[in-house]
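Notes to accompany the following structure.
2 protein chains.
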Amino acid sequence: MKNFEFSIPTAVYFGAGEVNRIPELAPKLGKKAMLLAAKDTMRALGFLDKVEGLLKTAGIEVLVSDDVSPNPRDKDINRQTEAFLKAGCDFTVGLGGGSAMDSAKAVAFLAAQGGGNIRDYLAGGSNPEMAGVKDALKCMVITTTAGTGSEVTPWWVITNTDDHEKPGTGNDSTIAEIAIIDPELMLTIPASITKGTGIDVLFHAMEAYIANTATPFTDLFCREAMKLVVENLGTAIEDGKNLEARSNMAWANTIAGIAIGEGKSSTVGIHALGHSIGGQTDAPHGMTMAAIGPAYMRKTWDADIERYAEVTRILGYAEEGMSDKELAAKSPEALIKTLEKFDCRVSMSDLGVTEAMIEPMTDSVFKTMSGCLDCSLKVLTRDDVVQLYKDSL
Amino acid sequence: MKNFEFSIPTAVYFGAGEVNRIPELAPKLGKKAMLLAAKDTMRALGFLDKVEGLLKTAGIEVLVSDDVSPNPRDKDINRQTEAFLKAGCDFTVGLGGGSAMDSAKAVAFLAAQGGGNIRDYLAGGSNPEMAGVKDALKCMVITTTAGTGSEVTPWWVITNTDDHEKPGTGNDSTIAEIAIIDPELMLTIPASITKGTGIDVLFHAMEAYIANTATPFTDLFCREAMKLVVENLGTAIEDGKNLEARSNMAWANTIAGIAIGEGKSSTVGIHALGHSIGGQTDAPHGMTMAAIGPAYMRKTWDADIERYAEVTRILGYAEEGMSDKELAAKSPEALIKTLEKFDCRVSMSDLGVTEAMIEPMTDSVFKTMSGCLDCSLKVLTRDDVVQLYKDSL
Chain A
498 MKNFEFSIPT AVYFGAGEVN RIPELAPKLG KKAMLLAAKD TMRALGFLDK VEGLLKTAGI
558 EVLVSDDVSP NPRDKDINRQ TEAFLKAGCD FTVGLGGGSA MDSAKAVAFL AAQGGGNIRD
618 YLAGGSNPEM AGVKDALKCM VITTTAGTGS EVTPWWVITN TDDHEKPGTG NDSTIAEIAI
678 IDPELMLTIP ASITKGTGID VLFHAMEAYI ANTATPFTDL FCREAMKLVV ENLGTAIEDG
738 KNLEARSNMA WANTIAGIAI GEGKSSTVGI HALGHSIGGQ TDAPHGMTMA AIGPAYMRKT
798 WDADIERYAE VTRILGYAEE GMSDKELAAK SPEALIKTLE KFDCRVSMSD LGVTEAMIEP
858 MTDSVFKTMS GCLDCSLKVL TRDDVVQLYK DSL
Chain B
498 MKNFEFSIPT AVYFGAGEVN RIPELAPKLG KKAMLLAAKD TMRALGFLDK VEGLLKTAGI
558 EVLVSDDVSP NPRDKDINRQ TEAFLKAGCD FTVGLGGGSA MDSAKAVAFL AAQGGGNIRD
618 YLAGGSNPEM AGVKDALKCM VITTTAGTGS EVTPWWVITN TDDHEKPGTG NDSTIAEIAI
678 IDPELMLTIP ASITKGTGID VLFHAMEAYI ANTATPFTDL FCREAMKLVV ENLGTAIEDG
738 KNLEARSNMA WANTIAGIAI GEGKSSTVGI HALGHSIGGQ TDAPHGMTMA AIGPAYMRKT
798 WDADIERYAE VTRILGYAEE GMSDKELAAK SPEALIKTLE KFDCRVSMSD LGVTEAMIEP
858 MTDSVFKTMS GCLDCSLKVL TRDDVVQLYK DSL
């Protein structure tokens with residue numbers, strides 16, 4: 498058995514109605530909170546008012562910042578942190594999907610440094626290693642989607658407005674103290690978002706299972722998360738009000754997030770290449786993985802026969818009498834069929850990528866996502882990445 | 498899906514040779530450590546000198562307390578805490594099995610209160626709810642057995658020298674910051690201890706799976722831990738130097754511990770009743786569960802057909818064509834066969850229990866172990882407990 502390490506420092510509260518425990522939980526973090534959310538969605542759905550009310554019930558002063566954008570930029574974080582410090586807040590609350598949770602984590606981090614420019618701590622900034630920084634302030638996240646894992650990871654993705662890169666960053670301290678995962682908040686997610694975020698969960702779990710960083714701890718979560726997506730994503734897309742399917746997708750998302758977070762496995766080449774498609778186009782994050790996934794599996798299936806065979810089994814495409822090698826060789830096809838089943842089979846061209854974008858996308862992979870790339874079971878050179886992109890056009 | 502909560506606040510380092518990372522890890526906890534261990538075993542095996550040396554390599558001052566007894570008593574903890582405070586230590590290091598780790602957690606707790614009598618915080622003491630206490634000081638544990646789960650739970654078991662009860666206690670703060678689980682330290686465990694501790698792991702996992710507190714989080718760990726014990730305990734007993742079997746048993750112990758610790762499932766009536774056998778006799782902890790387990794399964798198998806059927810499957814006694822109900826009904830037999838396989842089939846009489854002890858043992862169950870009893874899927878009355886004891890004589 499290999500050596501490995503893990504923890505889950507976040508206190509996770511999972512289940513329908515858990516959001517109503519905010520008055521009991523939030524006072525552990527402080528007396529004055531900045532509540533970060535997106536006006537268009539969270540205000541419109543009534544969730545923002547609800548959470549603000551629950552915080553106030555506990556006697557917590559609340560500063561609302563309802564200007565979270567779908568792809569939070571460095572300038573947003575700097576401005577929000579300034580407001581946080583000016584108001585003397587103790588902690589942040591992120592309500593929404595990855596954007597709101599990532600903003601809450603980034604503001605809690607930058608506020609601990611006394612403000613400044615978050616860009617300094619992003620890849621290409623003056624201190625990307627976060628050397629000598631102070632621990633982030635406290636943070637609570639309430640996820641309203643099932644697709645980023647952000648509620649249980651220390652990572653946040655902030656767009657650099659200089660070069661438009663979206664590097665993921667974070668350190669041991671930038672993980673939420675409290676995460677509330679309440680599937681009742683997910684019943685109104687539109688089918689298109691359910692699809693895109695749900696398929697992202699599949700990739701988190703599958704990639705962390707076929708990463709060279711996989712461990713016996715993360716394997717448990719990854720196998721279960723893949724299984725849950727296979728069994729529940731269809732229902733969640735077609736029947737969004739189905740609480741059981743929503744709960745199972747939310748749970749799959751949480752445990753896949755743990756695998757790539759403090760479980761210390763990682764996504765691999767699929768996320769590395771997909772991420773940079775997102776930098777060049779406005780394609781939904783999950784769909785960029787769907788475009789790359791099949792080519793990546795074709796390139797790597799023989800790197801670990803046992804694991805790729807297990808992927809085929811879990812996706813449900815094992816046939817009686819097949820050897821592990823045959824099963825592993827079938828994993829690209831199993832992935833394609835799974836993507837088709839959930840109407841997620843796309844090419845890069847479908848997402849608006851042209852051949853001219855391949856060079857800058859490849860540059861971006863090595864600049865901002867080499868960490869994930871290095872977790873692939875096969876070493877991928879620059880030529881390999883270019884070829885994977887060409888194969889996925 | 499039911500609502501549930503969890504975290505794993507302990508940073509877990511797992512694998513052969515991980516003990517050598519002490520110089521890198523320990524300085525996070527402070528500059529002066531009290532190292533608690535048992536002279537007879539840890540000094541004799543050379544582990545105590547090794548760990549002391551590794552701590553000193555990191556520039557940590559070390560106060561050695563090598564007087565940990567197999568069943569640590571309140572007086573031991575009080576004396577060790579006094580020495581800790583007098584020397585101005587920052588944190589404790591527990592090296593050994595449950596006794597050493599529990600002592601390290603208890604001293605770290607009592608030291609935070611400025612000393613005093615640990616008995617105050619035990620069941621029947623002046624403040625068993627630990628109301629208004631300060632958070633425990635920091636603690637590192639290095640487990641040398643695979644059978645208590647203490648390295649990842651907040652619980653510690655200290656004998657009350659007044660009434661000889663051994664209540665388990667602890668709060669959110671009494672969990673180790675760092676746990677090192679190094680199976681190389683387990684290669685010299687005698688077969689009898691391997692057996693007793695290994696069977697305890699099976700009960701931790703099985704009980705937490707058939708508890709009314711089981712969750713989707715703990716289920717993952719419990720199923721895997723049961724499977725690993727079934728596959729590896731025999732080899733670990735017969736071939737103690739087998740690192741793979743030792744690693745798998747250590748991993749089973751860790752994840753079963755997480756299930757009953759911050760996973761917030763629990764052991765059930767088997768541990769409740771077994772624990773009190775340990776109070777009346779010197780029977781090894783694991784064997785007391787083995788004596789009670791079959792009667793408990795016969796009493797409760799129809800409380801959750803699906804779960805008890807799964808137990809029979811995981812233990813390896815499912816036969817083709819059996820219905821879930823038939824499988825569940827077979828779970829007592831499956832447990833008995835499993836105990837026989839590992840030479841752990843014993844009656845209470847074998848352990849030295851007489852019928853006259855049943856009344857005081859029953860009193861003790863309700864006095865110190867009602868928490869576990871309440872997690873059983875079937876409500877167990879006083880009469881039920883007496884009957885279970887009689888059935889197990």
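These protein sequence lines map, in sequence, to chains A and B. The numbers in my numbering rise by one with no breaks, and the one at position 253 of the first sequence is 750. The numbers in my numbering rise by one with no breaks, and the one at position 249 of the second sequence is 746. All residues carry an ideal CB built from backbone N, CA and C; glycine is no exception.
Contacting residues, own chain, Cβ-Cβ under 8 Å from residue i (five flanking each side not counted)
i: GLY612 (chain B); result: ASN575, THR578, GLU579 and LEU582
i: ALA584 (chain A); result: LYS529, MET531 and LEU560
i: LYS738 (chain B); result: LEU684
Per-residue contacts from residue i into chain D (C-beta, under 7 Å)
i: TYR510 (chain B); result: The structure shown contains no chain D; the protein chains it does contain are A and B.
Proximity to residue i [Cα-Cα], best of the options
i: ARG570 (chain A); options: A:THR658, A:ALA620, A:ASP617 and A:GLY527; result: A:THR658
i: THR554 (chain B); options: B:LYS529, B:VAL876 and B:ASP573; result: B:LYS529
i: LEU832 (chain B); options: B:ASP847, B:GLY868 and B:MET794; result: B:MET794
i: ASP660 (chain A); options: A:LYS536, A:THR865 and A:ILE678; result: A:THR865
i: THR642 (chain B); options: B:LYS692, B:ASP563 and B:THR666; result: B:LYS692
i: GLY512 (chain A); options: B:MET498, B:LYS827 and B:ARG804; result: B:MET498
i: ALA508 (chain B); options: A:TYR510, A:GLU817 and A:PHE501; result: A:PHE501
i: VAL808 (chain B); options: B:VAL727, B:GLY758, B:GLY644 and B:VAL604; result: B:VAL727
i: CYS719 (chain A); options: A:GLY758, A:ILE675, A:GLU681 and A:ALA620; result: A:GLY758
i: GLU823 (chain B); options: B:CYS586, B:ARG842 and B:ILE802; result: B:ILE802
i: ASN624 (chain A); options: A:ALA584, A:GLN610 and A:MET637; result: A:GLN610
i: ALA749 (chain B); options: B:LEU699, B:THR715 and B:GLY737; result: B:LEU699
i: ASP847 (chain B); options: B:GLU856, B:THR732, B:VAL883 and B:ILE789; result: B:ILE789
i: VAL883 (chain B); options: B:GLY813, B:GLU837, B:GLY771 and B:ALA825; result: B:GLY771
i: LEU634 (chain B); options: B:THR645, B:LEU607 and B:SER647; result: B:LEU607
i: THR694 (chain A); options: A:PHE839, A:MET845, A:SER873 and A:ASN517; result: A:PHE839
i: ILE827 (chain B); options: B:THR835, B:SER844, B:ILE811 and B:ALA806; result: As written in the sequence, residue 827 (chain B) is Lys, which differs from the Ile given in the question. It is B:ALA806 whose Cα lies nearest to the Cα of LYS827 (chain B).
Secondary structure of residue i, DSSP reduced to three states
i: THR685 (chain B); result: coil
i: THR641 (chain B); result: coil
i: CYS841 (chain A); result: coil
i: ASP697 (chain A); result: helix
i: ALA513 (chain B); result: coil
i: LYS887 (chain A); result: helix
i: PRO829 (chain B); result: helix
i: THR650 (chain A); result: coil
i: LEU526 (chain B); result: coil
i: THR778 (chain B); result: coil
i: ALA705 (chain A); result: helix
i: LYS635 (chain A); result: strand
i: ALA788 (chain B); result: helix
i: GLY665 (chain A); result: strand
i: LEU560 (chain B); result: strand
Own chain partners of residue i with C-beta closer than 6 Å, once the 5 adjacent residues on each side are dropped
i: LEU592 (chain A); result: ALA534, MET539, VAL548 and ILE639
i: ASN745 (chain B); result: LEU725 and ASN729
i: SER773 (chain A); result: MET858, SER861 and VAL862
i: ALA756 (chain B); result: ALA705, THR715, PHE718, CYS719 and SER762
i: GLU558 (chain A); result: LYS529
i: THR712 (chain A); result: PHE501
Same chain, Cβ closer than 7 Å to residue i, five either side skipped, listed in chain order
i: ALA792 (chain A); result: LEU885, ASP888 and SER889
i: GLY622 (chain B); result: ARG616
i: LEU490 (chain B); result: It is not possible to answer for residue 490 (chain B), since the shown part of chain B is limited to 498 through 890.
i: ILE686 (chain B); result: THR642 and GLY737
i: LYS631 (chain A); result: ALA609 and GLN610
i: GLY813 (chain A); result: VAL727
i: PRO829 (chain B); result: PRO791, MET794, ARG795 and TRP798
Distance cut-off 8 Å: residue i Cβ against heavy atoms of the ligand ATP
i: LEU682 (chain A); result: Here there are no bound small molecules, and the ligand ATP is not part of this structure.
Which full runs of the alpha helix (DSSP H) of 4+ residues lie inside the region 568 to 608 of chain B, going along the chain? 571 to 584
What are the start and end residues of each continuous alpha helix (DSSP H) run of 4 or more residues lying completely inside the region 853 to 884 of chain B, in chain order? 855 to 865 and 867 to 870
Which runs of the alpha helix (DSSP H) spanning at least 4 residues fall entirely within the region 531 to 557 of chain B, listed in chain order? 544 to 554
Please confirm if the region 755 to 767 of chain A is in contact with the region 843 to 854 of chain A, defined as three or more CB-CB distances below 8 Å between the two stretches. no
Do three or more CB pairs link the region 774 to 792 of chain B to the region 515 to 527 of chain B at distances below 8 Å? no
Count the C-beta pairs between the region 666 to 676 of chain B and the region 703 to 719 of chain B that are closer than 8 Å, then say yes if the count reaches three, no if not. no
Three CB pairs or more closer than 8 Å across the region 807 to 825 of chain B and the region 867 to 879 of chain B: no
Three CB pairs or more closer than 8 Å across the region 643 to 654 of chain A and the region 593 to 610 of chain A: yes
Sequence ranges, beta strand (DSSP E) only - wholly within the region 710 to 774 of chain A, length at least 3: none
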